[in-house]
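To keep things clear, I will list the structure first and then write my remarks on it.
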Ligand code: AMP
Ligand code: ZN
């Protein structure tokens, strides 16, 4: 498909045509800190990144998608103070840090699967890349970008003149505003590259380094791992909005200072999922997980659909009603897709050009910085368009769903179990979701026979009473042509 893609680049604060420098396109996404369950806000970010990856694939690009696992070094405060979130999680649950990391990584990957998010090509773990991080800090030290304090090796942001550019920071104001909590840092924006293990306290995760026992700073993890697996500059770097000011700003500073080259070309950031009482934060413990959604009887794909109700750069307010409505919307869309489409009998029966033509408005919306609400509206209109043949709609839905990831053509409605029988002078068709047991069948036959008798006697009130009695048992009886009575057991027509 020959179509230009425009993406909003946080670096330039504008929509830019996407022209990758590499094949495959390198796409690095900041991954989870595995000290607790991912909340559905985190998952919104991974869904937006998945749509981007799926769109790139649909446009014909090859993609190398790397998502890191932060299993050390992310402190409770972004200002390099506080406890390591991993050690805190271990303490909370009375387990080792390694057990915590292993458990929450597994749960996270299950969330990804449930949401039909395509697996990353690589999932590098921070603890497997300590050597690369130490090497990068050594380079920075050699180039004069670091200094040592009582608790670690710090990056001197005053040595990197472009530091404030990316997040449009007002450094003077920041300096003036936060004299407290700086420790031995020279400047409020300086950040830890390597933290020393606290004196007299054995950490569960610590490594030898040229500066003494300790652990890496959180930001250096992403720089070291992205550069270990992707050629520089990265084509795309993604994350949530909260990462712009500190984490990504620091990634840029240390990476560019170390290599002397631009770090990443297109920066995409997803806005937050918010609760009516404010932001959803893992650290506060007050958050919703995908399991809580599932426990409420709502499918993970309904949450995916819910995320499509807002542009990824707009905040999305969570509500259970909104989520339920999205689930209903998805069920209706699937019903429409299954009833309005017909799988072509021969492959290639529908030309690629005609599919391109009917999907043009859909891809136009997607290529305009992934406008999902508009793209989804086009899917509805296409399915309802009487001028488009059912086979063309099928081929179009296959292509559209490769981006949407909603399983639109998968019929996961429970299959109906149908059995015909003739007994006691009545002909019945029983429709149910599982084969009905013999006692129930006997009861239905007996009631249907009484109903037939009542009707033969023209005793319609009695016949109607039996119909109502059946309804009370969750059974709908309906007369079909040819003297057959259909009984739908536990399913409404
Ligand atoms: P974390 O596991 O806390 O390191 O965050 C994983 C990803 O979720 C990062 O890209 C964050 O920027 C993003 N994120 C955090 N909170 C939210 C939220 N409420 N809504 C959307 N994304 C979020
Ligand atoms: Zn990161």
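Numbering (the working numbering), first residue to last: 1 to 493.
Backbone N, C-alpha and C fix where the C-beta goes; we use that ideal spot for every residue, glycine too.
Given 7 Å as the limit, tell me if residue i has its C-beta closer than that to any heavy atom belonging to the ligand ZN.
i: residue 239; result: yes
i: residue 251; result: yes
i: residue 230; result: no
i: residue 30; result: yes
Once the 5 residues before and after residue i are set aside, which same chain residues still bring their CB inside 7 Å of it?
i: residue 344; result: 350, 391, 394, 395
i: residue 449; result: 424, 425, 426
i: residue 275; result: 318
i: residue 21; result: 233, 235, 265
Say the cut is 7 Å; is the CB of residue i nearer than that to a heavy atom of the ligand AMP?
i: residue 245; result: no
i: residue 273; result: yes
i: residue 38; result: yes
i: residue 222; result: no
i: residue 190; result: no
i: residue 242; result: yes
i: residue 313; result: no
i: residue 44; result: yes
i: residue 105; result: no
i: residue 70; result: yes
i: residue 217; result: no
i: residue 212; result: no
i: residue 407; result: no
i: residue 270; result: yes
i: residue 41; result: yes
i: residue 76; result: no
i: residue 341; result: no
i: residue 289; result: no
i: residue 33; result: yes
Excluding the 5 residues preceding and the 5 following residue i in the sequence, name in chain order all residues of the same chain whose CB lies nearer than 6 Å to its CB.
i: residue 444; result: 487
i: residue 296; result: none
i: residue 454; result: 462, 463
i: residue 419; result: 430
i: residue 531; result: In this structure the chain extends from 1 to 493, so residue 531 is not present and cannot be described.
i: residue 341; result: 390, 393, 394, 397
i: residue 512; result: Past the edges of the chain, shown from 1 to 493, lies residue 512, and the structure says nothing about it.
i: residue 61; result: 25
i: residue 460; result: none
Report back the beta-carbon spacing between residue i and residue j to the nearest angstrom; my notes put them in contact at under 8 Å.
i: residue 194; j: residue 152; result: 5 Å
i: residue 71; j: residue 125; result: 5 Å
i: residue 270; j: residue 10; result: The pair is not a contact, with the Cβ atoms about 11 Å apart (cut-off 8 Å).
i: residue 300; j: residue 288; result: Not really, about 12 Å apart at Cβ, beyond 8 Å.
i: residue 76; j: residue 64; result: Incorrect: roughly 32 Å between the Cβ atoms, too far for contact.
i: residue 314; j: residue 183; result: Not confirmed; about 37 Å, so no contact.
i: residue 57; j: residue 5; result: The pair is not a contact, with the Cβ atoms about 12 Å apart (cut-off 8 Å).
i: residue 189; j: residue 174; result: 7 Å
i: residue 400; j: residue 379; result: 6 Å
i: residue 251; j: residue 219; result: 6 Å
i: residue 326; j: residue 302; result: 5 Å
i: residue 406; j: residue 245; result: That belief does not hold up - the Cβ atoms of residue 406 and residue 245 are roughly 34 Å apart, past 8 Å.
i: residue 411; j: residue 338; result: 6 Å
i: residue 196; j: residue 214; result: 4 Å
Beta-carbon within less than 8 Å of residue i's beta-carbon, same chain only, minus the 5 sequence neighbours each way: which residues are those?
i: residue 480; result: 429, 486
i: residue 294; result: 114, 300
i: residue 398; result: 409
i: residue 135; result: 224
i: residue 371; result: 311, 365
Is any beta-carbon of chain D found at less than 8 Å from that of residue i?
i: residue 408; result: No chain D appears in the structure shown, which is made up of a single protein chain.
Entirely enclosed alpha helix (DSSP H) segments - the segment 22 to 103, minimum 4 residues: 40 to 58, 85 to 93
Completely contained alpha helix (DSSP H) runs for the segment 99 to 187, where each covers 4 or more residues: 130 to 142, 171 to 177
Cβ contact check for the segment 152 to 169 and the segment 113 to 132: 3 or more pairs under 8 Å: no
At least three beta-carbon pairs within less than 8 Å, the segment 49 to 58 to the segment 18 to 38: yes
The segment 324 to 335 in contact with the segment 352 to 363 per 3-pair CB rule at 8 Å: no
Those runs of the alpha helix (DSSP H) which lie wholly inside the segment 232 to 294 and span at least 4 residues: 249 to 259
The segment 217 to 233 in contact with the segment 254 to 261 per 3-pair CB rule at 8 Å: yes
Contact the segment 137 to 149 vs the segment 199 to 206: 3+ CB pairs below 8 Å: no
Whole runs of the beta strand (DSSP E) within the segment 410 to 461, excluding any shorter than 3 residues: 417 to 423, 426 to 432
Three or more C-beta pairs below 8 Å linking the segment 34 to 42 and the segment 84 to 99: yes
4-residue-minimum alpha helix (DSSP H) runs that sit fully inside the segment 309 to 392, ordered along the chain: 320 to 340, 352 to 367, 372 to 384
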